Structures are given as C-alpha cells and as structure tokens.
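Colleague: I'd like to ask you about the structure that follows.
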Amino acid sequence: MSNEGGSKICVPILGESAEQMLVQMDKAKLLGADLVEIRLDYLQSFEPRRNLKLLIGRCPLPTVFTYRPKWEGGKYEGDEDERLDALRLAMEQGADYVDVEFKVASKFINSISQRKPEKCKVIVSSHNFHNTPSSDEIGDLATRMQAVGADIVKIVTTALDISDVLRIFQLTMNSQVPVIGLAMNERGLTSRLLCPKFGGYLTYASLEKGQSSAPWQPKIDDLLNIFNFRLLGPNTKVAGLIGNPVGHSKATTMFNPIFKTVEFDGVYVPFLVDDVPNFLKSFNSPNFVGWSCTIPHKEEALRSCDEVDPVAKSIGAVNTIIRKPDGKFIGYNTDYFGAISAIENKLRVLQNLPGGTGSPLSGKLFVVMGAGGTGKALSYGAKAKGARVVVANRTYSRAKEIADSVGGEALALAELENYHPEEGAILANTTCVGMQPNDNESPIPKHALKRYSLVFDAVYTPKMTRLLRDAEESGVTIVTGVDMFIIQAYEQYERFTNLPAPKELFWEVMSGY
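The numbering of the sequence shown is full-length UniProt numbering, which starts it at 1 and goes up by one.
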C-alpha cells in the first residue's frame, strides 16, 4: 500500500524507569522522530495508572504502547490479563497506538469493541525469529491479521538471505491496509532503510548505538542524515554495495550526501550478499540501478554478469555492476583506475611532473600484495602503465597465475620480508590485513618497508592503517586507500546516475574522513 503521508520513523523508548523514558522521549523529538514506541516491558517497576498518565501526558510525540511478552521476544513474564489490562488503560488514557501480538489480538480487540477511542489505532504484530516465510504465507498471515480487526498490520521476520527482504517489500507495496514490514538482522537491514520507497507505514530507529530493540536497527541520526530517509519515495533509484562484510564501507557516507546535494532521487545502501548469481536474479528490477562490489565477490561478479567490459575481463574481476534497461547486467572495473591514478598523482607531485607527460610508473618495479580482485586490478593497471610487476600472495599458485597474466614475477607473501627491490620500487597492499577491527595488523614487517619509495594500501578503514603508519615512520611516501576509493567512485557514480561526476564534491564530502 502506498503510504501517502510518507513513512514514519518510530524510536523505541527502552528506559528502566518512567523518568528515564521521559528523557529519551525528549531526545527522540530533538533528533527528528515522528513517534515513539514506549516499551512497558523494559520498566523495572511499573505502576500502570500513575506511569501511563505521566508518560502520555508528558510525551512530546505520538505514542505506541507495547508490552511485549517473553514468548514474543520481549521481557514481560507476568500475568497475561494484567498485561492486556495495561494496554487497554494506555488506550483509554490517550495512547495513539497500541501494539498487540496476533496470538492474543482477537481476544484484545473483542474486549475493546465498544470502548476504543477513535484516535487510537491497534497494531497487530507477528514476529518470526527463525526465517522469512514464502510470499503466499506472509500474504495469508497479513489477511488473517487484518480479519481480526487490525488497523495496522506489523510483520517482522528474520532474513537468512538478502533476497528475503523482497518478500517484505512485496507485502508493504501490495497490502490493502497500512503495513509495518521489516526483516531482522544484517541481511534484513535494507528493509528498514528502504521503507519509504516500498510503502512501509513506519520503520524503527534507535536513539543511539546499543539502544535498539531489535538486531540491526539503524540509528535515527544515520537514517535521516546518511540515508536521507525523508527524501525517499516510490520513484527513488536504489544503488548499493554488495559484499560480505559490508559494515566497514564508507560508500554510504560518500554517495548519499552527493545524491542529496545534486538532487538526484537515489539512495545507496549496503547489501550483505552470500550468493551473487542468486542476488542478481532476485534483484533484477528497474528499482535497482546497480551496485559496487567488494570482498569476496569481485571474481564471482565477473562470472555472474551477462556482459563484461573488456578491461574488467582482462583484469578478471568486476567491482561495478550496472543493470541495463533490458534487464541484463554489465560488469566494469574501476578499481585499477582509482588505485593507479592515486599513486600516479602522488608521484607526479613528488617528482614535479606536468600532467601531460607519460606515466611516472613507467619502468618502475611495482610489488602487489594479494591476489584477489583488487590485486588483479592493480597488477593489470601497473602493467598497462609500463611498470614491471611482482605479485606476492599467501598462496603462491594464485600469485603465479596473476603474475603470468601480466608478464611479471610471483613470490610467496612470506618472502617479502627479505625481498630486496631496486631503488624507487612501489609496494601496494590489496589484502584485507589491517582492516578494522584488526587495525593493528600489517601484511609485512616494518623493517622491510624502508626499501620502497612509496607504499599504497587499498584498505581505507582505517585511513591510516598499521602498514601506512609503519611506512611513514620509516620515511616512505604513502598513498591511502581513501584516495583510491574516491577516484574509483567517479565512474560508478556516472553509471548509477547517468550524470557527470562532481569530482570536487567527492573530495569535499570525504574531506573529514
């Protein structure tokens, strides 16, 4: 069902006392919430008449009252009649919504048939903590919930695969009554972020990290200020990042502010993907314009696309997938251009070279650590610029495969510690060693770094990795993964939006990182 007034943001209030709840309500209003869910089951001591009068009277926002029992994932373990009495009392005292579990909804709604205030809406809720049922099963459940008298149907499932969220979107778009449809855990996060696009009545957002009432509930600040929740609607185009993990990426904090600034009706969200072919098959819809692709899917993405750009095919890895109007997927690689350009830019500054001259990499020894998709891209790019390539990897056979493809040399990663490159050599890390949360690790001992003139790290979370700190302390010039990250995103942006990349804006948005 299309949500004409726009999807709402509801902040769960989880205070252990009524006084704590009042403080949290005020904060929720300040942060931009539309309504609050008062979780009575979180109260350590609950005096229904006194507490409800205070909470309803002092709340600056519309209220949803929930008194969730343990059997539906809540904290309440007391008498069932007392629990439902408290919800009836909340309704009588001015609650805007009460949330009642489907299991007891018929009994509750029958008990209030003559006494329900016109302004109070009954949310009938169902929580599945095991999986996401089929579309038919979800549709049947929604029909039965509507039949018992629900003003609003709330169905929450558990996403075991990213494609499960599509069944939630199908529910929210096609229902005849207002629906709250959400999928829990990280694979279900997009159901929360894209709620306004697919017509959900509301989504839940926590006040801050650690104050959520469900797994992977986003913070309200992120929902409003990163994902531009208020700007999303049925026509919003969706782009995003596919990978596993995806939580480390800064792409959402780069693309979304740029979309907002240039007034492009789009949003960029993370997709935790386990199976690339299945993902592309499931998400083949005009709603989705394309994806950036990260670890560990860059090679699988190449095999999964209908068409592959010749450069990406030569590299053997794809980091950008675009959906064409005919429903076919085409794969590109922008990693090599991002990384090589970032390194060349630094070398030109160091050597005071004008922009029009040949590549400063020409004739240089270029040592690549890692033999995944990014390692392939850098090896290809360095060779294309006239560098001589050495590929070092934990598994020697993988290093040899890439080295052979670019006419280079292969080493086992352990050999790098005692490897003596010629003067002016460049070292590039494309492994994930040093990425948060393991940001005190480095793929190579510090003493081996002084033999290089420049060290690059494709890892950009954190910006200053252990490898780059060690290199800088050794007096070696460094190039961060952030530079590569920004430059490789230009082409992705252009392919997502069909607009020229506002390059200065990219650097401005990422300047604080």
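We put the CB at the ideal spot given by N, CA and C, even for glycine.
Owing to the predicted nature of the structure, the values given are computational and were not obtained by experimental measurement.
If I242 sits next to C293, beta carbons under 8 Å apart, how far is it from one beta carbon to the other, in whole angstroms?
Modeller: Walking along the sequence shown from the start, residue 242 turns up at place 242. Walking along the sequence shown from the start, residue 293 turns up at place 293. Right, their Cβ atoms sit about 5 Å apart.
Colleague: Please go through the same chain and pick out, in chain order, the residues whose beta-carbon is closer than 8 Å to the beta-carbon of L207, but skip the five residues on each side of it.
Modeller: Here residue 207 corresponds to residue number 207 of the sequence shown, with the count starting at 1. For L207, where only same-chain residues beyond five positions count, the Cβ hits under 8 Å are V11, Q24, K27, A28, L31, K219, I220.
Colleague: Considering only the beta carbon of each residue, do residue 538 and K250 sit closer than 9 Å?
Modeller: What the structure shows of the chain is the stretch from 1 to 513, and residue 538 is not part of that stretch, so it cannot be assessed.
Colleague: Please name the residue in K446, T63, L378, N185 whose C-alpha comes closest to that of S314.
Modeller: By one-based count along the sequence shown, residue 314 stands at place 314. If we check each option's Cα against that of S314, L378 comes out closest.
Colleague: Pairing CB atoms from the segment 152-166 with CB atoms from the segment 189-203, are three or more of them under 8 Å?
Modeller: Judged by Cβ distances under 8 Å, the segment 152-166 makes contact with the segment 189-203, as three or more pairs qualify.
Colleague: The alpha helix (DSSP H) spanning M435 covers which residue range?
Modeller: To locate residue 435, count along the sequence shown from 1; it is residue 435. Per DSSP, M435 belongs to no alpha helix (DSSP H) and is neither H nor E.
Colleague: For P462, count neighbouring C-beta atoms within 10 Å of its own C-beta (all shown protein chains included) and say buried if the count is 16 or more, exposed if not.
Modeller: Against the sequence shown, residue 462 aligns to sequence position 462. Flag for P462 reads buried.
Colleague: Could you have a look at W291 and say whether DSSP puts it in helix, strand or coil?
Modeller: Reading the sequence shown from its first residue, position 291 is the one you call residue 291. Reduced to three states, the DSSP call for W291 is strand.
Colleague: Helix, strand or coil, according to DSSP, for F271 in the structure here?
Modeller: Residue numbering aside, residue 271 sits at position 271 when the sequence shown is read from its first letter. In the structure shown, F271 sits in a strand (DSSP, three-state: E or B).
Colleague: Measuring CB to CB, does Y460 end up less than 9 Å from T477?
Modeller: Position 460 of the sequence shown, counted from the first residue, corresponds to residue 460. Position 477 of the sequence shown, counted from the first residue, corresponds to residue 477. Going by C-beta atoms, Y460 is not nearer than 9 Å to T477.
Colleague: Report, in whole angstroms, the separation of the C-beta atoms of P270 and L182, which I expect to be a contact under 8 Å.
Modeller: Along the sequence shown, one-based indexing puts residue 270 at 270. Along the sequence shown, one-based indexing puts residue 182 at 182. About 16 Å; that fails the 8 Å criterion.
Colleague: Going by the CB atoms, is the gap between A489 and M254 shorter than 9 Å?
Modeller: Your numbering for residue 254 matches position 254 in the sequence shown. Your numbering for residue 489 matches position 489 in the sequence shown. Yes, these two residues count as a Cβ contact at 9 Å.
Colleague: Can you give me the Cβ contacts of F496 inside the same chain, cut-off strictly under 6 Å, excluding the 5 residues immediately before and after it?
Modeller: Position 496 of the sequence shown, counting from 1, holds the residue named residue 496. So the qualifying residues of the chain are A239, V289, G290.
Colleague: Does the beta-carbon distance from V390 to A410 come in below 9 Å?
Modeller: By one-based count along the sequence shown, residue 390 stands at place 390. By one-based count along the sequence shown, residue 410 stands at place 410. Yes. Within cutoff.
Colleague: Thinking C-beta only, is P296 closer than 9 Å to N244?
Modeller: Numbered from 1 along the sequence shown, position 244 holds the residue referred to as residue 244. Numbered from 1 along the sequence shown, position 296 holds the residue referred to as residue 296. Contact: yes.
Colleague: Could you check the C-alpha separation between I123 and K154 for me, to the nearest Å?
Modeller: Counted from its first residue, the sequence shown places residue 123 at position 123. Counted from its first residue, the sequence shown places residue 154 at position 154. Answer to the nearest angstrom: the Cα atoms are 7 Å apart.
Colleague: Which of the three DSSP states, helix, strand or coil, is assigned to P48?
Modeller: Here residue 48 refers to the residue found at position 48 of the sequence shown. Helix.
Colleague: Rank E473, M145, D439, Q114 by C-alpha distance to the C-alpha of T465 and give the top, closest one.
Modeller: The residue labelled residue 465 in the question sits at position 465 within the sequence shown. Of E473, M145, D439, Q114, the smallest CA-CA separation from T465 is found for D439.
Colleague: Kindly list the residues whose CB is nearer than 8 Å to the CB of S453, restricted to its own chain and excluding five residues on each side of it in sequence; keep chain order.
Modeller: Taking the sequence shown and counting its residues from 1, one reaches residue 453 at position 453. Correct list, in chain order: E423, G424, A425, I426, V476, T477.
Colleague: Does the beta-carbon of S2 have 16 or more other beta-carbons within 10 angstroms, so that it is buried, or is it exposed?
Modeller: Within the sequence shown, numbered from 1, the residue matching residue 2 stands at position 2. Low per-residue confidence applies at S2: pLDDT is 46, beneath 50, and the placement is therefore not dependable, though the value from the model is reported in the following sentence. Exposed: under 16 other Cβ atoms inside 10 Å.
Colleague: For the alpha helix (DSSP H) containing N345, name the first residue and the last one.
Modeller: Numbered from 1 along the sequence shown, position 345 holds the residue referred to as residue 345. Start and end: 335-351.
Colleague: Nearest-angstrom Cα distance between K8 and A33?
Modeller: Your numbering for residue 8 matches position 8 in the sequence shown. Your numbering for residue 33 matches position 33 in the sequence shown. Going from the Cα of K8 to the Cα of A33 covers about 8 Å.
Colleague: Just how far apart, CA to CA, sit E300 and K376?
Modeller: Mapped onto the sequence shown, residue 300 falls at position 300. Mapped onto the sequence shown, residue 376 falls at position 376. Approximately 14 Å between the Cα atoms of the pair.
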